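Protein chains in written order, with the working numbering: chain A, 1 to 99; chain B, 1 to 214.
Think of the CB as a built atom: it goes at the ideal place given N, C-alpha and C, for glycine as much as any other residue.
Note that the structure is a prediction, hence the values are computed from the model and not measured.
First up is the structure itself, then whatever we jot down about it.
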């Protein structure tokens, strides 16, 4: 397969993730859609690394995976904290930053 | 043959992504994301990056998704309201996403990258296997590697702080509730409150002994 197929697929996945972030209102699903966008970026990085014939793009993809894991850990910790304070798990109700 | 595998994996990835966005129950979203991640691992294998595919399956679909499933089971799957808070939100989101897709695709495909419509160069047999990636990580990219490990540590500590401080504050709130009286709150909350007070002293003594063997 040519590399441009992978790039277009990565753009499509990124777009689907962006739709999810714009449309959904549960913070957990928004985190999942962020994962979709990060994975689309990963796919583009690996495809470009194959195109150049250089393995450094795969190292970038691994670093992106680490960043995604950190983001998930902190985000899920925030969600648990929100749930313990009995606040609504809805990003439209969580507009104000009161503690 | 490669094209067949690519299209199967691509359809799986897109279907998983759509499932994440569409599913009402967050649990089904997590399951769709796991399917999406496995399809992406197949695509990574097609791009001759075996180590990234293995890390994707083990780290993402294994560890991170288990964390998601735990939190979904803890928080519970609350159903979202179906109305739009902003009128026409979905229409505008769809329009923006469509233009974003067109923009990214045209920006990449019309660029001057000549090798984009080829298979890429022929690579040696060990391209992207764990030995090659490990050499790169420990020689050329040692500083980013260590920085990402520090970042993981900071994220773990941050998650503990985020989840732990709320327990203390709710405990203090429970004590106040007990002092002010009221028949409902102590009976409803005394059982979960009593457990951290009993358990919290226990992890403190093992920590010096756990540190000693190292």
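is_contact[residue i, chain A] using C-beta, thresh 7 Å
i	result
residue 144 of chain B	yes
residue 2 of chain B	yes
residue 24 of chain B	no
residue 157 of chain B	no
residue 133 of chain B	yes
residue 10 of chain B	yes
residue 151 of chain B	yes
residue 100 of chain B	yes
residue 45 of chain B	no
residue 6 of chain B	yes
residue 136 of chain B	yes
residue 27 of chain B	no
Within chain A, partners of residue i - CB distance below 8 Å
i	result
residue 252 of chain B	Residue 252 of chain B lies beyond the range of chain B shown here (1 to 214); nothing can be said about it.
residue 120 of chain B	3, 50, 51, 52 and 53
residue 75 of chain B	28, 79, 80, 83 and 89
residue 33 of chain B	32, 35 and 36
Same chain, Cβ closer than 7 Å to residue i, neighbours up to 5 away in sequence not counted
i	result
residue 33 of chain A	17, 20, 21 and 24
residue 61 of chain B	34, 37 and 38
residue 16 of chain B	32, 33, 35, 36 and 39
Beta-carbon neighbours of residue i, restricted to chain B and to distances below 7 Å
i	result
residue 78 of chain A	162
residue 87 of chain A	In chain order: nothing, as chain B lies at least about 11 Å away.
residue 94 of chain A	Within chain B, no residue comes near residue 94 of chain A; the closest Cβ sits about 12 Å away, beyond 7 Å.
Check whether residue i and residue j have beta carbons under 7 Å apart
i	j	result
residue 7 of chain A	residue 108 of chain B	yes
residue 42 of chain B	residue 58 of chain A	no
residue 64 of chain B	residue 69 of chain A	yes
residue 50 of chain A	residue 47 of chain B	yes
Contact list for residue i against chain A, beta-carbon separation under 7 Å
i	result
residue 40 of chain B	39 and 43
residue 123 of chain B	53
residue 128 of chain B	55 and 58
residue 94 of chain B	19
residue 18 of chain B	16
Listed by chain order, chain B residues near residue i by CB distance under 8 Å
i	result
residue 7 of chain A	105, 108, 109 and 116
Cut-off 6 Å between Cβ atoms - residues of its own chain near residue i, not counting five sequence neighbours on either side
i	result
residue 37 of chain A	14 and 17
residue 127 of chain B	48
Short CB-CB distance (under 7 Å) between residue i and chain B
i	result
residue 20 of chain A	yes
residue 46 of chain A	yes
residue 64 of chain A	no
Residues that residue i contacts on chain A, provided the C-beta gap is smaller than 9 Å
i	result
residue 15 of chain B	The contacting residues do not exist; residue 15 of chain B stays about 10 Å from chain A at best.
For this session: Using a Cβ-Cβ cut-off of less than 8 Å, give me the residues of the segment 48-76 of chain B that come near chain A, in sequence order.
Result: Contact residues of the segment 48-76 of chain B toward chain A are 48, 49, 51, 52, 55, 56, 59, 60, 63, 64, 67, 68, 71, 72, 74 and 75 (C-beta to C-beta distance below 8 Å).
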